[in-house]
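In our numbering, the protein residues as written are 652 to 1227.
Here it is, written out as structure tokens:
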């Protein structure tokens, strides 16, 4: 047994509560090293000594390139739980606990792993409405200014505080005019990039966090948008930019004017005087952009200001959550305070962190509900677009990402192929729309909240800002891909296996064939992906076993024997 590979961490993604009487426990082992694994658990405050324990068999829930992961989810009458593991190979049996490995069962309480108390506040729960969420991500300047229309004209509006600029003419009223289109597509959650007063067209250099940018419209128009969306059972989240502000933000203008005498000097992370508002700036910024001075979020006044903004747009306009920009550069205490403030106003508000890497440190339950899953994006790009990795490698790496977090958190990750910050996925596909379609099929079949970036359904492509943030090509709306997307979204909404189910790999090869299972309670779906130029024929019984039968999800007809999967095609088979 490769003992060095074995890992368990209490009170982490390896041990978490999914209800007040239900725990999930995981352990990692070297790949193909262990034949079986079980968990022994008991009441950590039991009067009887040694503590009586029950055995629960663990199942292999994932495998990556180096490791296997075993898991057990079980109900318990105990609120305080202690536990250890039994690991078997062909020749050996070991018991694994805090102090390491033993050849006999563990009896000393001090050597058990501990789950001190199942607190209801720490049960891993995401807002219930996110289970069926399908997101549509809108870059407001580029989407619409009327029904199925956008002017693609720049504009500039000035007031006593600043100059506000737009590039493509998109407005809030334009978004509202196209809610019929979005509802028909099947999406039920809209994420808007920043809409507050800001100098640039992208609005990531905020001037006023409490007002709508005049290039986009008014507060009254925004209120009508939210009300109309809610009447259609659609949700809306806004983009909050609190790591930095714009040059015309009142506090930064005061520092520029008064220097060290400004009462807002401590609102900014690092300042040298006299302030040099030129490149390179002598104050901390987002990256090295002088127009985006970095806020000192550890300052109590700044933290309170941010929390007030978070509450204001929920209390006054009833928005449903926030996507928080550059979340990993803001201190953790600010996010804890922000979450508390926002959830007090709206308990089921949804908080998404912009973090491009592993977001484990922000997803423990006290800060964010979700994160932008760039790891998912990169893997899909490598497998479907450039095809730099085969199905085996894709499966191994994707399963590794699924093991980063507790299952409810994995199911709430924001999964996407495109965003406002990266070249379009279709560009990486060499503009091969079949590759894009297959990647979107996988997106809709995967754990997490699928996000469609505006225009992907119309085959927007490009590798520069002007291209991947291009005006929505409304003349392309209603194409065949839009109809297929609508069908996949409807499938997702109708099958809990796709929104809440476990993900189990069944088969992968070097030629691009990938088969996996989504299962929730009694429902089981097998997803077949053929990421190659040739038709593949699948002997279904070899995949699902001879005792089970396949059923077409499309028409309910039984599938016997072989399943044909065309080049760059995906199929869904129900298993009974």
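Even glycine gets a Cβ: it sits at the ideal position worked out from N, Cα and C.
Within a 10 Å sphere around the beta-carbon of residue 808 sit fewer than 16 other beta-carbons, which makes this residue exposed. Residue 1185 counts as exposed, since fewer than 16 other beta carbons sit within 10 angstroms of its beta carbon. In the three-state DSSP reduction, residue 886 falls in the strand class (E or B).
If you draw a 10 Å sphere on the C-beta of residue 1115, you find fewer than 16 other C-beta atoms in it, and that means exposed. Cα atoms of residue 1012 and residue 825: separation of roughly 38 Å, rounded to the nearest angstrom.
Excluding its 5 nearest sequence neighbours in each direction, residue 981 has C-beta neighbours in its own chain below 7 Å: 893, 894, 948, listed in chain order. Residue 715 is positioned such that its CB atom lies no closer than 8 Å to that of residue 1155. Taking a contact to require three or more Cβ pairs closer than 8 Å, the stretch 806-823 and the stretch 837-856 qualify as touching. The shortest CA-to-CA distance from residue 758 to any of 977, 746, 1072, 767 is the one to 746. In the three-state DSSP reduction, residue 1139 falls in the helix class (H, G or I).
Within 10 angstroms of the beta-carbon of residue 925 lie fewer than 16 other beta-carbons, which makes it exposed.
Counting the other CB atoms within 10 Å of its CB gives residue 1146 a total of 16 or more, which places it among the buried residues. CA-to-CA, the gap between residue 918 and residue 904 works out to about 12 Å. The closest CA to that of residue 1208, considering only 958, 1215, 1224, 990, is found on 1224. In the same chain as residue 730, and ignoring 5 residues on each side of it, the C-beta atoms closer than 7 Å to its own belong to 768, 769, in chain order. Residue range 1174-1181 is occupied by the beta strand (DSSP E) that includes residue 1179. Residue 1066 carries a strand assignment under DSSP once its states are collapsed to helix, strand and coil. Burial is judged here by how many other beta carbons sit within 10 angstroms of a residue's own beta carbon; residue 1227 has fewer than 16 and is exposed.
Shortest Cα-Cα distance from residue 753 to any of 724, 735, 766 involves 735. Comparing alpha-carbon positions, the option among 958, 1064, 700 lying closest to residue 1003 turns out to be 1064.
Looking at the DSSP output, residue 726 bridges to 673. A straight-line Cα-Cα distance of about 41 Å links residue 1084 and residue 994.
DSSP places residue 914 in the coil class of the three-state scheme, outside both helix and strand. Around the beta-carbon of residue 677, 16 or more other beta-carbon atoms lie within 10 Å, marking it buried. Along the stretch 991-1050, the alpha helix (DSSP H) occurs as fully enclosed runs of 4 or more residues at 1025-1031, listed in sequence order. Rounded to the nearest angstrom, the gap between the Cα atoms of residue 1128 and residue 1074 is 21 Å. A contact is defined here as three or more CB-CB pairs under 8 Å, and the stretch 1033-1044 meets this definition with respect to the stretch 1165-1185. In this structure, the straight-line span from the alpha carbon of residue 1008 to that of residue 1026 is close to 7 Å.
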